[in-house]
Amino acid sequence: MLDWNEIDTVFLDMDGTLLDLHYDNYFWLHHLPKRYAEMKSMTEEQARDYLGEFFHSLKGTLNWYCFDYWADLLNIDLLSLKHEVKDKIAFRPHAQTFLQLLAEAHYRVILVTNSHRAGVEIKMQCTNLGDYIDEIHTSHDFGVPKEDPVFWQKLNQALPFDPEKTVFFDDNEDVLYSAKQAGLVHLINIEQPDSQGAIRQESPFPLLKSFLDILPNS
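Counting from 924, one number per residue, gives the positions in the sequence shown under our numbering.
1) Can you look up residue 971 in the DSSP assignment and give me helix, strand or coil?
2) Residues bridged to residue 1058 by DSSP?
3) Are the beta-carbon atoms belonging to residue 1023 and residue 992 less than 8 Å from one another?
4) Taking C-alpha atoms, which residue in 948, 1010, 1130, 1016 lies nearest to residue 1092?
5) When DSSP builds the beta bridges, which residues end up paired with residue 1111?
6) Using beta-carbon positions only, say whether residue 1134 and residue 945 come within less than 8 Å of one another.
7) What separation, rounded to the nearest whole angstrom, lies between the Cα atoms of residue 939 and residue 1043?
8) Is it the case that the segment 1033-1040 contacts the segment 1057-1064, given that we only count it when at least three CB pairs across the two stretches are under 8 Å?
9) With C-beta atoms as the reference, is residue 1096 less than 8 Å away from residue 1118?
10) Can you name, in chain order, every residue of its own chain whose Cβ lies under 7 Å from the Cβ of residue 990, other than the five neighbours on each side?
11) Excluding the 5 residues flanking residue 1115 on each side, which residues of the same chain have their C-beta closer than 6 Å to its C-beta?
12) Do residue 924 and residue 1137 have their beta-carbon atoms positioned less than 8 Å apart in this structure?
13) Is the segment 963-973 touching the segment 1067-1077 in the sense that three or more CB pairs, one from each, lie closer than 8 Å?
14) Between the Cα of residue 1098 and the Cα atoms of 947, 1069, 995, 1124, which residue gives the shortest distance?
15) In this structure, how does DSSP classify residue 1020 when only helix, strand and coil are distinguished?
16) Can you tell me the Cα-Cα spacing of residue 1142 and residue 958, whole angstroms?
17) Determine the contact status of residue 996 and residue 977, defining contact as a CB-CB distance below 8 Å.
18) I think residue 956 touches residue 974, with their Cβ atoms under 8 Å apart; what is that distance to the nearest whole Å?
19) Compute the Euclidean distance between the alpha carbons of residue 1103 and residue 1077, then round it to the nearest angstrom.
20) Please classify residue 953 as buried or exposed, where buried requires at least 16 other C-beta atoms within 10 Å of its C-beta.
21) Let me know the secondary structure DSSP gives residue 1084 once reduced to three states.
Structure representation (structure tokens):
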């Protein structure tokens, strides 16, 4: 799947790649509709339908990932609601082993995420992910989501990298296509981003079942 001798930089998505996407899916699909219904005196089904319209129209845009946008749109304290279920934040299986070996092998390890900075901070508070990362870059730093090829141009300006010596792990195919357009060669998708969700059967990109299958120098 990957020749580590060709790699000097590792780009890693956060949610659904290093961390279990179950936390995020549970929050948006279950916890937020429940709490929004309570706050706005409507049924949970009504809240889910109302929120679903925004989910559909905003998917893939920067606002989809922006805590401030959602807080203003819905007139809620989104950050506090996020903290209510933070006990569900967890690493995906063997992610820490993978990260530890990357550090020991002295690869440059960069977190490249669409998450809002406040979302990154919650994850860092609940895990020791920050111990393994050299730098963190979010789409909000550049004003465009990773789905936009412009993101990769701006990232390369802020953090020069060789696309042919960089491997990028992400659970979002649209993001991987964008990275491919930007010239990245080594692109890896995730078979099961959500530990309680579906297992992908196929992808135009190599599917990683377990980090144990792609350990450096293994």
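Beta carbons: idealized from backbone N, C-alpha and C, even for Gly. Note that the coordinates shown come from a computational prediction; the quantities given were computed from them, not determined experimentally.
Quick look at the numbers:
1) In the three-state reduction of the DSSP assignment, residue 971 falls in the helix class, which pools H, G and I.
2) Note: residue 1058 is bridge-paired with 1033 in the DSSP secondary-structure output.
3) For the pair residue 1023 and residue 992, the CB atoms are not nearer than the 8 Å cut-off.
4) Measuring from the Cα of residue 1092, the nearest candidate turns out to be 1130.
5) Residue 1111 has 1092 as its beta-bridge partners, per DSSP.
6) No; because the gap between Cβ atoms is not below 8 Å, this pair is not in contact.
7) Between residue 939 and residue 1043, the alpha-carbon positions lie close to 13 Å from each other.
8) Yes, they touch.
9) Pairing residue 1096 with residue 1118 gives a Cβ-Cβ distance that is not under 8 Å.
10) Cβ neighbours of residue 990 beyond the five flanking positions: 1001, 1002, 1039, 1041, 1042.
11) Result list for residue 1115: 1122, in chain order.
12) Yes. Within cutoff.
13) The segment 1067-1077 is not in contact with the segment 963-973.
14) Of 947, 1069, 995, 1124, the residue nearest in Cα terms is 1069.
15) Helix.
16) The displayed coordinates of the chain run from 924 to 1141. Any statement about residue 1142 would go beyond what the structure contains.
17) In this structure, residue 996 sits near residue 977, with a CB-CB distance shorter than 8 Å.
18) Yes, they are in contact, since the Cβ atoms of residue 956 and residue 974 sit about 6 Å apart, within 8 Å.
19) Here the C-alpha atom of residue 1103 lies approximately 15 Å from the C-alpha atom of residue 1077.
20) Flag for residue 953 reads exposed.
21) Assigned with DSSP and collapsed to three states, residue 1084 falls in coil, not helix or strand.
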